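Visitor:
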Amino acid sequence: MIESIQQFDVDLFLKIHRGLSNSFFDWLMPLMRNRFFWSPLYLFIVVFCIKQYRKQGYYIIGMVLFTFAMGDLIASRVIKPLVSRVRPCNDMSLTNEIIHRVPCGSGLSFPSAHATNHFAIAVFLICLFYSRWKPILPIGIFWAFIISFAQVYVGVHYPVDVTTGAFLGITIGLICSRIFKKLQPDF
505 MIESIQQFDV DLFLKIHRGL SNSFFDWLMP LMRNRFFWSP LYLFIVVFCI KQYRKQGYYI
565 IGMVLFTFAM GDLIASRVIK PLVSRVRPCN DMSLTNEIIH RVPCGSGLSF PSAHATNHFA
625 IAVFLICLFY SRWKPILPIG IFWAFIISFA QVYVGVHYPV DVTTGAFLGI TIGLICSRIF
685 KKLQPDF
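According to my numbering, the sequence shown holds residues 505 to 691 in order.
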């Protein structure tokens, strides 16, 4: 059963990585996974929270950082070493199939820390702001999804890596939002 899931994962990876290959995605997807590309958004979140919510804004930013740290810690320091799955771009059986769009890196693949972290932050912010601004739901989910999808497209993660990372991130985001609401009940 594990072998059939792994084969499905490799087949789906190749359909995305090679099958959707086009010059526009080749330009766009490396940007979508680049942390510097999203720096203006992160800066906006910081400025917005502090300007709009003053002292509580600092708590929100602190909890966003805590949410990120928890996602990264659990994905990168706990699960990845236990599973030790090789990235597709480092998998010798896929050497002739990989299109090198970004440097591969030597890290492990399962789960995707990018997916975990971004879904965690997105869900945390959605839980906080949805009652005040409904569009945050589709925007937040799309933001986390496009970053996760880009990880597969550029060849550094399998679909199961990002899917698991997304579910892990959603769980972390929900837990962190509950913690925040317990600590800041008047928000």
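Quick reminder that beta carbons are idealized off the backbone N, C-alpha and C, glycines included. None of these values were measured; they are calculated from a predicted model.
Taking the C-alpha atoms as reference points, what is the distance between tryptophan 637 and methionine 505?
Guide: Here the question's residue 637 lines up with position 133 in the sequence shown. Here the question's residue 505 lines up with position 1 in the sequence shown. Roughly 44 Å between the two C-alpha positions.
Visitor: From the DSSP secondary-structure annotation, give me the bridge partner or partners of leucine 612.
Guide: Within the sequence shown, residue 612 is the residue found at index 108, counting from 1. Per DSSP, Val590.
Visitor: Tell me the residue span of the alpha helix (DSSP H) that contains aspartate 515.
Guide: Residue mapping note: residue 515 aligns to position 11 of the sequence shown, counting from 1. Here the alpha helix (DSSP H) through aspartate 515 covers 506-521.
Visitor: Would you mind working out which of Leu535, Lys559, Leu612 sits nearest proline 585, comparing C-alpha positions?
Guide: Within the sequence shown, numbered from 1, the residue matching residue 585 stands at position 81. The candidate whose alpha carbon is nearest that of proline 585 is Leu612.
Visitor: Spatial neighbours of phenylalanine 572 within its chain, please: C-beta separation below 8 Å, excluding the five flanking residues on both sides.
Guide: Position 68 of the sequence shown, counted from the first residue, corresponds to residue 572. The answer, listed in chain order, is Asn621, Ala624, Ile625.
Visitor: Starting from the Cα of glycine 673, find the closest Cα among Ile640, Lys519, Phe570 and give me that residue.
Guide: On the sequence shown, position 169 is the one that residue 673 refers to. Closest option to glycine 673, Cα to Cα, is Phe570.
Visitor: Within a Cβ cutoff of 6 Å, which residues of the same chain sit near valine 456, ignoring the five residues on either side of it in sequence?
Guide: Only positions 505 to 691 of the chain appear in the structure, and residue 456 is not among them; the question remains open.
Visitor: Going by the CB atoms, is the gap between tyrosine 657 and phenylalanine 589 shorter than 9 Å?
Guide: Against the sequence shown, residue 589 aligns to sequence position 85. Against the sequence shown, residue 657 aligns to sequence position 153. For the record, residue 589 in the displayed sequence is arginine; it is not phenylalanine. Not a contact, by the Cβ cut-off of 9 Å.
Visitor: Please tell me whether proline 592 and valine 666 are closer than 9 Å, where the distance is taken between their beta carbons.
Guide: Position 88 of the sequence shown holds residue 592. Position 162 of the sequence shown holds residue 666. Result no, Cβ atoms of proline 592 and valine 666 do not sit closer than 9 Å.
Visitor: Look at the Cβ atom of histidine 521, then the Cβ atom of isoleucine 583, and state whether they are nearer than 9 Å.
Guide: One-based indexing of the sequence shown puts residue 521 at position 17. One-based indexing of the sequence shown puts residue 583 at position 79. For histidine 521 and isoleucine 583, no; Cβs fall outside 9 Å.
Visitor: Going by DSSP in three states, leucine 524 sits in which element: helix, strand or coil?
Guide: Taking the first residue of the sequence shown as 1, we reach residue 524 at position 20. In this structure, leucine 524 counts as coil in the three-state DSSP scheme.
Visitor: Would you give the residue range spanned by the alpha helix (DSSP H) that aspartate 690 belongs to?
Guide: Your numbering for residue 690 matches position 186 in the sequence shown. Unbroken run through aspartate 690: none, as it is neither H nor E.
Visitor: How many Å lie between alanine 648 and arginine 539 at the Cα?
Guide: Position 144 of the sequence shown, counted from the first residue, corresponds to residue 648. Position 35 of the sequence shown, counted from the first residue, corresponds to residue 539. Spanning the two alpha carbons is a distance of roughly 12 Å.
Visitor: Secondary structure at histidine 604, three-state DSSP: helix, strand or coil?
Guide: If you number the sequence shown from 1, residue 604 lands on position 100. Histidine 604 falls in the coil class under three-state DSSP.
Visitor: For a test of the three-state rule: what should DSSP assign to serine 635, helix, strand or coil?
Guide: The residue labelled residue 635 in the question sits at position 131 within the sequence shown. Serine 635: coil per DSSP, three-state reduction.
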